[in-house]
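Chemist:
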Amino acid sequence: MKIYNTLSGKLEKFVPLENGKVKMYVCGITPQSEPHIGHAMSYINFDVIRRYLTYKGYRVKYIQNFTDIDDKIIAKANAQGIEPSTLAERNIGVFLDAMAALNITPADYYPRATQEVPKIIEMVSGLIDKGYAYAVDGSVYLRVQKVDGYGKLSHRTLEQMMAGARVEIDEEKEYPMDFALWKATKP
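Numbering (UniProt numbering), first residue to last: 1 to 187.
1. Excluding the 5 residues preceding and the 5 following ILE82 in the sequence, name in chain order all residues of the same chain whose CB lies nearer than 6 Å to its CB.
2. Return the bridge partner residues of TYR25 from the DSSP annotation.
3. For VAL48, count the other beta carbons within 10 Å of its own beta carbon; 16 or more makes it buried, fewer makes it exposed. Which is it?
4. With a threshold of 7 Å on Cβ separation, who are the neighbours of residue 210 within its own chain once the five nearest residues in sequence on each side are excluded?
5. Taking ILE128 as the reference, which of GLN160, VAL147, PRO35 has the closest Cα?
6. Just tell me which of GLY151, THR157, LYS2, GLN32 has its CA closest to the CA of ILE74.
7. Thinking just about the alpha-carbon of each residue, which of ILE120, SER8, ASP97, TYR175 is nearest to the one in PRO106?
8. Ignore the nearest five residues each way along the sequence and tell me which others in GLU172's own chain have a CB closer than 6 Å to its CB.
9. Note down the Cα distance separating TYR114 from GLN64, rounded to an integer number of angstroms.
10. Please classify ASN91: does DSSP put it in a helix, a strand, or coil?
11. Which residues mark the beginning and the end of the alpha helix (DSSP H) in which ILE82 is found?
12. Among residues of its own chain, excluding the 5 on either side of TYR26, which ones have a beta-carbon nearer than 6 Å to its beta-carbon?
13. Please report how far the alpha carbon of TYR58 lies from the alpha carbon of MET99, in whole angstroms.
14. On the criterion of 16 or more Cβ atoms from any shown chain inside 10 Å, does ALA133 qualify as buried, or is it exposed?
15. Look up residue 204 in the DSSP assignment and say whether it is helix, strand or coil.
Structure follows, in structure tokens:
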């Protein structure tokens, strides 16, 4: 079996890291609202890949996260007068029901961002300690210019990314393409 390698730009023979096993990590939804057709399309595609790998005899471990806390969830929850966790869990439930109705195989595990906060803090602190990230008023940003090979996967330089980007000017950032790893609580 051959798959397209985005980094090399070529079709390459698929060789799993561990013989007979495939681990898939698929970015899940941010449940600020109910699922839509775009979610369905994405997860149908990954389900087809997973089923094909299983058919070919691989043991597939499929993980799909939920980013169950962010600014949009907080804003929508506040507008509805409910807790962010209530909004997120409700929309996760609707999402899982919709995926089941489409006969999409459930993930083996659905980690939530809120379950990983201590580990996230530890990792972000490590990036700060190594100079790859910086804190400003409680928020933490990644210094993209310090990351060797940033943009390599997309085959674009930082300058090329800047030219086509819709980047809001943020006075907190050292560089416009730096992005938030951690956001401070808003008053």
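Even glycine gets a Cβ: it sits at the ideal position worked out from N, Cα and C.
Please read all numbers here as calculations on a predicted model, not as lab measurements.
Modeler: Put simply:
1. For the purposes of this step, residue 82 is taken as the residue at position 82 of the sequence shown. Closer than 6 Å at the Cβ level, and outside the excluded window around ILE82, lies no residue.
2. Translated into positions along the sequence shown, residue 25 becomes position 25. Beta-bridge partners assigned by DSSP to TYR25: ILE63.
3. Taking the sequence shown and counting its residues from 1, the one referred to as residue 48 is at position 48. Looking at its Cβ environment, which holds fewer than 16 other Cβ atoms inside 10 Å, VAL48 is exposed.
4. Examination of residue 210 is not possible in this model, given that the chain is present from 1 through 187 alone.
5. The residue you call residue 128 lines up with position 128 of the sequence shown. Nearest neighbour of ILE128 by Cα position, chosen from GLN160, VAL147, PRO35, turns out to be VAL147.
6. On the sequence shown, residue 74 is found 74 positions in, with the first residue counted as 1. With distances taken between Cα atoms, ILE74 lies closest to GLN32.
7. Position 106 of the sequence shown, counted from the start, is the residue given in the question as residue 106. Of the listed residues, the one whose Cα sits closest to PRO106 is ASP97.
8. In the sequence shown, residue 172 corresponds to position 172, counting from 1. Correct list, in chain order: VAL136.
9. For the purposes of this step, residue 114 is taken as the residue at position 114 of the sequence shown. For the purposes of this step, residue 64 is taken as the residue at position 64 of the sequence shown. Strictly speaking, residue 114 in this sequence is Thr, with Tyr absent from that position. Whole-angstrom Cα-Cα distance: 14 Å.
10. The residue given as residue 91 occupies position 91 in the sequence shown. Looking at ASN91 - three-state DSSP - the assignment turns out to be helix.
11. Residue numbering aside, residue 82 sits at position 82 when the sequence shown is read from its first letter. From DSSP, ILE82 is part of no alpha helix (DSSP H); its letter is neither H nor E.
12. Against the sequence shown, residue 26 aligns to sequence position 26. Looking at the sequence shown, residue 26 is not Tyr but Val. Closer than 6 Å at the Cβ level, and outside the excluded window around VAL26, lie PHE46, GLN64.
13. For the purposes of this step, residue 58 is taken as the residue at position 58 of the sequence shown. For the purposes of this step, residue 99 is taken as the residue at position 99 of the sequence shown. For TYR58 and MET99, the distance between alpha carbons rounds to 23 Å.
14. As a working note, residue 133 is residue 133 in the sequence shown. With 16 or more Cβ atoms within 10 Å of its Cβ, ALA133 is classed as buried.
15. Summary: the structure shown does not reach residue 204, with the chain confined to residues 1 through 187, and so no result is reported for it.
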